[in-house]
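Scroll down for the structure; my scribbles are underneath it.
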Amino acid sequence: MPSPQQARAQASAITSGKSAPEAEVSPSARLRALFDRPRLSPGQRRIAQYLIENITEAAFLSITDLADRVGVSQPSVTRFASAVGFSGYPALREKLQSIALGTLAGGGPAEENRGNELQAAVDAEIENLENLRRDFADPNLVIDIGRKLASSTPLTVLGLRISVSLAEYFAYAARRIHPDVRLVTRGGSVAYDALLQSREAGGTWVLAFSMPRHAQETLTAVQVARGAGLKVALITDLALGPLADEADVVFSLGTGSRLVFDSYAAPGVMCSALLQAMTDADPERTQARLEEYEQVADQHQFFLRD
């Protein structure tokens with residue numbers, strides 16, 4: 001009898017070949033594609049990030065108001081519009097409005113129905129998950145990176161400061177299906193040693209987490225990993241910026257920010273999706289490792305009998 005984990009691994013494979021119906025691409029994904037240009041300047045990245053985070057409001061701002069909100073000059077906004085392929089700011093704003101109006105039309109709960117702050121926080125996370133669901137309409141990137149993480153031996157998982165919890169969850173689960181997972185939760189020279197040793201041992205990929213507030217030491221560790229020859233897949237809330245520039249692949253996800261401390265519903269689901277893709281990448285290894293773990297768990301009575 002397979003364990004619940006084994007049964008789920010067999011039943012929920014995302015690489016089974018089943019085609020899902022086309023789903024609407026999320027506004028954040030549309031904007032990331034729109035702004036996907038070689039090396040925007042720091043000021044231009046700030047404009048792009050502001051538009052991604054505030055699309056429903058920012059799409060209707062004048063060039064003066066947008067420049068004031070971001071803290072750049074009006075000519076900088078004009079140059080940004082040109083850099084992302086538009087004749088000027090009016091043409092860019094027209095495109096932004098079409099995206100924003102589509103978002104509002106499909107939108108979430110009306111403001112007057114949001115209830116109390118705890119309910120509003122849940123509503124915000126539901127919206128983050130809806131955006132992620134639309135992004136998953138094309139699962140190919142998740143499947144591809146899952147295969148690459150599965151084939152990297154060792155596989156390094158990096159999460160510092162507030163991002164430790166996500167990294168620990170991913171590493172704990174990944175160890176059930178991967179023979180050598182190395183968790184890095186301390187920065188500085190400790191992280192450098194671990195990353196360099198991982199590369200020397202034959203590792204090819206690092207999965208890094210960076211949640212707000214983003215730590216300088218995370219950026220430094222990612223740069224060290226890249227310098228050592230490791231590829232970096234990054235799970236973060238940032239679509240643009242120094243961290244995204246350093247990563248080979250970025251999964252940019254919304255985080256819940258209505259309460260004192262952020263919540264991570266969408267990043268948590270992304271972790272599970274990548275783990276699923278890793279199990280699909282090598283089903284025989286997955287099955288063998290899960291069976292072996294269940295035997296050890298039964299022998300030593302790790303878990304209560306439900």
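The opening residue of the sequence shown carries number 1 in full-length UniProt numbering; numbering runs sequentially from there. Yeah, the Cβ is synthetic: ideal placement off N, Cα and C, and Gly gets one too.
- At the C-beta level, L230 and V250 stay beyond 9 Å of one another.
- Excluding residues up to 5 positions away in sequence, A121 lie with their Cβ nearer than 6 Å to the Cβ of L259 in the same chain.
- Counting along the chain, the unbroken alpha helix (DSSP H) around L118 starts and ends at 117-135.
- Bounds of the alpha helix (DSSP H) holding G268 are 265-281.
- Assigned with DSSP and collapsed to three states, L34 falls in helix.
- Beta-bridge annotation (DSSP): S210 is paired with T236.
- As DSSP reads the structure, K95 sits in no beta bridge.
- When R289, G188, R133, A174 are compared, the shortest CA-CA separation from P27 is found for R133.
- Excluding residues up to 5 positions away in sequence, A191, Y192, L195, L196 lie with their Cβ nearer than 8 Å to the Cβ of V224 in the same chain.
- In the DSSP assignment, R199 falls within the alpha helix (DSSP H) that extends over 188-200.
- DSSP places F80 inside the alpha helix (DSSP H), whose first and last residues are 74-83.
- Using a Cβ distance threshold of 9 Å, I55 and L92 do not count as a contacting pair.
- If you draw a straight line from the Cα of H178 to the Cα of V157, it comes to about 12 Å.
- Taking a contact as a CB-CB distance under 8 Å, the pair L243 and L219 counts as one, their CB atoms being some 6 Å apart.
- Between the C-alpha atoms of R147 and A281 there is a straight-line separation of about 5 Å.
- E125 is a Cβ neighbour of S263, given a cutoff of 9 Å.
- Bridge partners of T153 according to DSSP: none are assigned.
- The continuous stretches of beta strand (DSSP E) do not include R69, which lies in the alpha helix (DSSP H) extending over residues 63-70.
- In the DSSP assignment, S165 falls within the alpha helix (DSSP H) that extends over 164-174.
- DSSP places V250 in no alpha helix (DSSP H) but in the uninterrupted beta strand (DSSP E) bounded by 249-252.
- Around the beta carbon of L166, 16 or more other beta carbons sit within 10 angstroms, so the residue counts as buried.
- Following the DSSP letters along the chain, one finds V222 in no beta strand (DSSP E) but inside the alpha helix (DSSP H) bounded by residues 216-227.
- Listed in chain order, the non-local C-beta contacts of F170 below 6 Å within the same chain comprise V157, C271, local neighbours out to five positions each way being set aside.
- Taken through DSSP and simplified to helix, strand or coil, V260 comes out as coil.
- Between the beta-carbon of N128 and that of A266 there is about 4 Å, and that keeps the pair under the 8 Å contact cut.
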